[in-house]
C-alpha cells in the first residue's frame with residue numbers, strides 16, 4: 013500500500029533555483045494538501061486542492077505554486093528559491109476536507125543555501 | 177478562524193508513568209478535533225479524532241482524549257507510557273462545516289526516560 017508518496021526525500025537548492033516537489037496518492041482522494049513544517053512552528057498550510065483542476069491558497073502560499081491536473085498528483089513548485097523556504101514539506105490527502113483522516117507522505121527536507 | 181494552542185513545547189516522562197498532553201482550541205462552535213503523532217523522520221499518523229457524541233475517544237496505541245467544551249480543550253492521555261511513544265504530538269482542529277483544512281498546533285515533543 014503506497015498511500016502518499018513524495019519525492020525527493022532530500023534536496024539542497026541554491027538561492028534563485030527552481031524545483032518541483034512531487035506528490036502522488038493512490039487512494040483516490042479528492043482532497044490534497046501541502047504543508048511546511050518548521051521547528052517549533054507546527055505545520056502551516058501552503059496550498060490545497062479539493063479536486064482535479066481546483067486549487068486554493070493556504071496560510072503561507074507566497075513563493076509557491078501548485079497544479080492539480082489529475083486526482084493522483086499534486087506537485088508543488090518553487091520558482092525562485094529563498095533561504096526562508098528551507099523547511100520540511102509534507103504532502104497529505106484525505107477523502108473529505110476536514111472530517112476524515114488525512115494521510116501524510118514522509119516529507120521532503122529542503123535546504124536553500 | 178479556528179486556532180489551536182499546545183502550551184507545552186517539550187515534556188519528559190518516565191517509562192511506565194502516565195501522560196497528559198494539553199490542547200486548547202479557539203472556535204465558535206464545536207469543531208472537529210484530532211491528535212496526530214510524528215515519529216522522527218516520518219510523516220504524521222492519526223491517533224484519534226472527535227466529531228460528536230461521547231466526549232472520551234479512544235485511539236490507537238492505547239491513547240485516549242477527552243473533549244471538554246467548557247474548557248475548549250482536547251487533552252491527550254495515556255495511562256502508561258512506553259519508550260516507543262517518544263515522538264512529536266500535534267493537535268489539530270477543523271471547522272464542523274467541513275469546508276476548511278486542518279489547522280495544527282505547534283506540537284509537543286515527548287521524551288521518555290528509563
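Chains as they are written, first to last, in the numbering used here: chain A, 13 to 125; chain B, 177 to 290. Using N, Cα and C, we set each Cβ at its ideal position, and we do this for glycine too.
Around residue 106 of chain A, the same chain offers 41, 43, 112 and 114 as residues with beta carbons nearer than 6 angstroms, after the five sequence neighbours per side are excluded.
Residue 33 of chain A and residue 229 of chain B have their C-alpha atoms spaced approximately 40 angstroms apart. In the assembly as shown, residue 90 of chain A is a buried residue. Its beta-carbon has 16 or more other beta-carbons within 10 Å. The beta carbon of residue 234 of chain B is closer than 6 angstroms to those of 240 in its chain, skipping five residues each way along the sequence.
Of B:264, B:256, B:177 and B:206, the smallest CA-CA separation from residue 212 of chain B is found for B:264. DSSP places residue 39 of chain A outside any beta strand (DSSP E), giving it a letter other than H or E. For the segment 212-246 of chain B, the set of residues with a beta-carbon nearer than 9 angstroms to any beta-carbon of chain A comprises 212, 214, 217, 218, 219, 220, 221, 222, 225 and 227, in chain order. The three-state secondary structure of residue 21 of chain A, taken from DSSP, is coil. For the segment 187-216 of chain B, the beta-carbon criterion of a distance under 7 angstroms to any beta-carbon of chain A is satisfied by 208.
In this structure, A:47 is the residue among A:27, A:25 and A:47 with its C-alpha nearest to the C-alpha of residue 86 of chain A. One thing to note: residue 208 of chain B has its Cβ within 9 angstroms of the Cβ of residue 272 of chain B. Between residue 120 of chain A and the set A:27, A:88 and A:68, the nearest pair of CA atoms involves A:88. Distance from residue 180 of chain B to residue 281 of chain B at the Cβ level is roughly 4 angstroms; contact confirmed, criterion being Cβ atoms closer than 8 angstroms. Among the CB atoms of chain A, none fall inside 9 angstroms of the CB of residue 286 of chain B. A Cβ-Cβ distance of about 20 angstroms is found for the pair residue 122 of chain A and residue 266 of chain B, leaving them out of contact under the 8 angstroms criterion.
Residue 216 of chain B and residue 96 of chain A have their C-alpha atoms some 23 angstroms from each other. The shortest CA-to-CA distance from residue 220 of chain B to any of A:124, A:81, A:108 and A:16 is the one to A:16. A Cβ-Cβ distance of about 4 angstroms is found for the pair residue 25 of chain A and residue 93 of chain A, placing them in contact under the 8 angstroms criterion. Not flagged as an interface residue toward chain B: residue 88 of chain A, since no C-beta distance is shorter than 9 angstroms.
Judged by DSSP in its simplified three-state form, residue 237 of chain B adopts helix. Contacts between residue 60 of chain A and chain B, judged by CB atoms closer than 8 angstroms, involve 277 in chain order.
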